[in-house]
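Taking my numbering, the leading residue of the sequence shown gets 10, the next gets one more, and so forth. For each residue, glycine too, the CB sits at the ideal point set by N, CA and C. Since this is a predicted model, take the numbers as computed values, not measurements. One structure is given here, and the rest of the page talks about it.
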Amino acid sequence: LHSTEIGASQFSMQFAYDLAFNQSKNTRAILSRTVCLLIPSSNPDGHDFVVNWYRETLGTEAEGTHPPGLYHKYAGHDNNRDWFMLNLQETRVVTEVLYKEWFPQVIFDMHEMGSEGPRLVIPPHFEVTNPLIDPIIHQELRHIGDYILDELTRQNVKGIAGNTVFDMWWHGGFRTAPYFHNMVGILSEVASARLATPDTIPQSNDFFVSKDIIAPDAVLQNTPKPWNGDVWRLADIVDIEQKSAYALLEIMARGRKDVLENFYRMGRRAIEKGMQDSCKAYVIPLDQHDSSSAKKLLEILMAQGIDVYRPERIDSEKPFTGIQGYYIPTAQPYRANILCLFEPLKYPETMMRPYDITAWTLPHQMGVHFEKATQIPEGLEPIVEHEIEWPVKNDLADDALYFALDPRSNDTYRVIQELLDFDINVSRISEKTTTLPDSVGAGWFLVEATNASQTTLARLLKTNCLNVVSINYLGEIKRESFRKSRLVLMETCAGNIDQGWTRYLLDTYKIPYTILRDCELEPESLVSKYDAVILPSVSAHTLLWGESGAQLNNNHKSGLGNEGLEQLQAFVRSGGTLITFGEAAKSMAALFRLNMKNIIHPFAGFSAPGSLLQISLKPEHPLCFGMPERTAIFYNNDPVFSVQDGDIIGKYDAQEPFISGYIKNSAILKENAAMVTSDYGKGKIILFGFRPQHRGQTFSTFKLIFNSVLSSVVTPHEPSYPLPAEE
């Protein structure tokens with residue numbers, strides 16, 4: 010998966026060769042009793058990227074370093090964080106194999122970790138575990154991990170550790186998502202070298218568990234043979250992976266009947282539990298704030314092998330009596346996956362830091378309303394993947410003056426961008442009104458009705474889910490016109506994953522942008538050429554001075570420096586819009602000397618590591634057009650602002666903001682700001698105290714980004730059509 014963890018791709022070809030040509034009794038037994046699906050590289054472009062960098066830098070100071078930039082176009086290291094959302098093409102392809110085609114009972118996920126500490130980390134993991142994982146998974150993990158440990162110890166492999174670093178709470182990785190599909194995910198983490206360059210590693214007890222934490226020579230509980238330090242090579246990595254994989258296949262071949270029976274038993278038990286649940290099904294009603302996100306949620310579930318049902322076509326003799334919507338029964342083999350994606354969870358109190366995020370509940374992240382059905386109504390029929398229909402209104406009347414587009418749907422913003430690409434005029438209603446049909450009002454987009462706009466909209470509505478209403482008159486309604494934004498996505502350090510996910514969002518919704526590296530900034534270039542700049546989450550030090558190690562290659566200089574900061578300030582003072590996410594918002598608030606302060610500080614006793622929280626929005630503000638009054642946000646110990654001067658767009662209420670994950674000392678948040686806009690000269694800075702595009706998953710806050718970009722190019726529009734004269 011991870012292209013800089015180079016050993017597994019080298020191991021895979023050797024392993025395939027050995028299985029094909031080794032005629033030993035053990036190998037023949039393995040091949041006759043198991044089916045091994047081998048993925049040499051799930052990101053071959055990234056693999057080439059890393060190998061090319063290594064070859065270019067051989068013999069230089071940069072030899073053995075990770076290349077600047079993301080080795081996956083959008084996700085970089087986060088390509089192993091997408092296994093329930095399925096944003097990435099690579100994830101979707103493998104998910105199809107797992108849950109639709111082959112249904113493997115065991116997944117072996119091979120990685121590399123830091124160079125110090127254990128030579129290999131295998132299960133069992135930390136005892137922090139998701140309560141929805143079947144106990145059989147734990148039993149098999151321990152059984153398989155113990156067998157691999159025994160086999161490698163017998164072969165004199167030293168420095169193997171278990172019960173360290175990794176937990177079993179998070180859903181979203183290649184080894185964790187299968188847990189919720191009754192599959193055993195085995196993680197191996199081998200110590201890394203300097204890519205293919207050997208490294209001399211000193212002895213270290215990092216990640217080992219001692220019986221006596223005071224005594225440096227105490228017996229280590231989680232390793233039978235400590236490693237004393239030595240030269241560590243790529244060949245050592247391949248050797249350990251070879252032995253581990255062979256041991257896994259051996260125990261699978263010997264215990265194949267138990268493994269298959271357990272797989273069946275977990276699926277059957279899930280169905281039985283679902284039949285006993287008080288909630289027999291989750292229902293996605295047709296009446297949704299954002300129909301496009303609701304439709305996307307169902308597509309995600311079905312891609313993971315979840316069965317979805319809808320009421321049969323209307324029968325006048327036997328009308329359907331349940332909620333009109335889509336039903337996801339819990340009595341399915343993948344019940345754990347359904348519950349894990351729908352139900353908020355609370356991470357347990359523990360001294361162990363969560364391995365990844367602690368919350369991901371899809372309906373909250375995506376702004377989708379759902380109901381719980383205590384009974385499955387009669388008259389449901391299964392639906393086929395890619396055939397989800399949503400009853401939106403698509404009214405493109407021939408006699409219309411305008412077509413009004415609903416701003417509540419995320420898909421609307423993609424359609425708007427495509428209309429602008431065709432030079433079709435678009436404006437937006439900027440005030441409340443009660444004179445227009447079908448609740449058309451503030452925030453709705455207006456497209457002048459012409460043959461070209463009607464034809465283009467008819468085509469776009471085939472692949473986008475939104476309401477369109479025909480308008481025959483407008484009256485004296487305030488509206489704003491806008492054009493395509495000249496947007497910059499700033500790359501202030503090579504390999505910023507948050508920047509990669511921002512690119513993913515902009516590409517998905519067809520918002521054009523230019524990537525500028527900090528070293529490419531020229532005097533006046535921002536002011537004269539661009540309308541808005543997005544700064545993804547990045548620390549102040551990295552923003553200004555670049556990432557550590559960047560000096561190793563002068564072609565990849567990073568860091569704004571004082572001169573770049575002055576250019577950003579001049580850009581905003583001259584009328585530009587600066588949009589900042591997460592840590593970048595904290596950095597810009599300080600560097601621009603805005604009259605607000607971040608109240609979240611290290612060691613202050615507050616913590617919310619990757620949780621879902623709720624904020625209240627200012628619905629009448631243009632940045633909130635299309636948004637509900639309250640929304641969930643993804644929050645990862647990001648800044649929270651106490652504002653003396655600025656417009657608070659989103660804030661934490663006096664009520665408890667926690668939805669899912671983990672939070673400690675939440676009272677500090679109450680009545681403080683999560684999103685602020687502040688004037689700066691002729692321009693403005695928009696500060697998101699969270700990441701509104703986090704991993705392409707937070708559909709509930711995408712519109713806040715879209716509106717921020719559009720706000721950089723709006724101009725007042727005088728009404729063209731007065732009210733019709735009285736007869």
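Around the beta carbon of TRP62, 16 or more other beta carbons sit within 10 angstroms, so the residue counts as buried. Residue environment for LYS595: buried (at least 16 other C-beta atoms within 10 angstroms of its C-beta).
For ASN607, there is no enclosing alpha helix (DSSP H); the residue is part of the beta strand (DSSP E) that begins and ends at 605–607.
Judged by DSSP secondary structure, ILE157 falls within the alpha helix (DSSP H) whose first and last residues are 144–163. Within the same chain, Cβ atoms closer than 6 Å to the Cβ of ILE131 are found at GLY154, ILE157, GLY171 and SER197, the five residues on either side in sequence being excluded.
Between GLN114 and VAL193, the C-beta gap is smaller than 8 Å, which places the two residues in contact. Under a 10 Å Cβ-count criterion, ILE524 is classified as exposed, with fewer than 16 other Cβ atoms of the shown protein chains found around its own Cβ.
If you look at PHE601, you'll find it isn't in any beta strand (DSSP E); DSSP assigns it neither H nor E. Beta-bridge annotation (DSSP): GLN623 is paired with ALA641. In this structure, DSSP gives GLU440 a state outside helix and strand, which the three-state scheme calls coil. In the displayed model, ILE347 falls within a helix according to three-state DSSP. Judged by DSSP secondary structure, GLU457 falls within the beta strand (DSSP E) whose first and last residues are 454–457. By a beta-carbon distance limit of 8 Å, GLU592 contacts SER548. Their separation comes to about 5 Å. Using a Cβ distance threshold of 8 Å, VAL649 and MET605 do not count as a contacting pair. Sequence-distant Cβ neighbours of HIS11 in its own chain, meaning closer than 7 Å and more than five residues away, are HIS86, ASN89 and HIS120. Comparing C-alpha distances from VAL317 to each of PRO338, LYS304, LYS305 and LEU622 shows the shortest one belongs to PRO338. Annotation for PRO294: no alpha helix (DSSP H) segment contains it, though the beta strand (DSSP E) segment containing it runs 290–294.
If you compare the alpha carbons of SER436, TYR518 and GLY509 with that of SER301, the shortest gap goes to TYR518.
Beta-carbon to beta-carbon, PRO353 and SER669 are separated by about 4 Å, close enough to satisfy the 8 Å threshold. Rounded to whole angstroms, the Cβ separation of ARG128 and ILE249 is 7 Å, and the two are in contact under 8 Å. Membership of ASP688 in the beta strand (DSSP E) is indicated by the continuous run 682–689. Rounded to the nearest angstrom, the Cβ distance from TYR80 to ASN52 is 7 Å, consistent with a contact under 8 Å. Of ILE480, ARG468 and ALA413, the smallest CA-CA separation from LEU455 is found for ALA413. DSSP, read as helix, strand or coil, puts GLU380 in strand. About 5 Å separates the beta carbons of VAL497 and TYR539, which is inside the 8 Å limit, making them a contact pair. If you draw a straight line from the Cα of ARG274 to the Cα of PRO144, it is about 11 Å long. Taking 8 Å as the upper bound for CB-CB distance, ILE309 and GLY619 are not in contact here, some 19 Å apart. Where ALA541 is concerned, the enclosing beta strand (DSSP E) starts and stops at 541–544.
For THR421, no beta strand (DSSP E) encloses it; the enclosing alpha helix (DSSP H) starts and ends at 419–430. The Cβ atoms of ASN139 and CYS349 lie closer than 8 Å to each other. Cβ-Cβ separation between PHE93 and TRP369: approximately 7 Å, consistent with a contact (criterion under 8 Å).
Following the DSSP letters along the chain, one finds TYR411 inside the beta strand (DSSP E) bounded by residues 411–414.
Bridge partners of VAL130 according to DSSP: ALA170 and GLU198. Rounded to the nearest angstrom, the Cβ distance from ALA683 to GLY659 is 4 Å, consistent with a contact under 8 Å. Of the residues GLU136, ALA345, SER124 and SER50, the one whose Cα lies closest to the Cα of HIS180 is ALA345.
Annotation: GLY450 to LYS693 spans about 26 Å, alpha carbon to alpha carbon.
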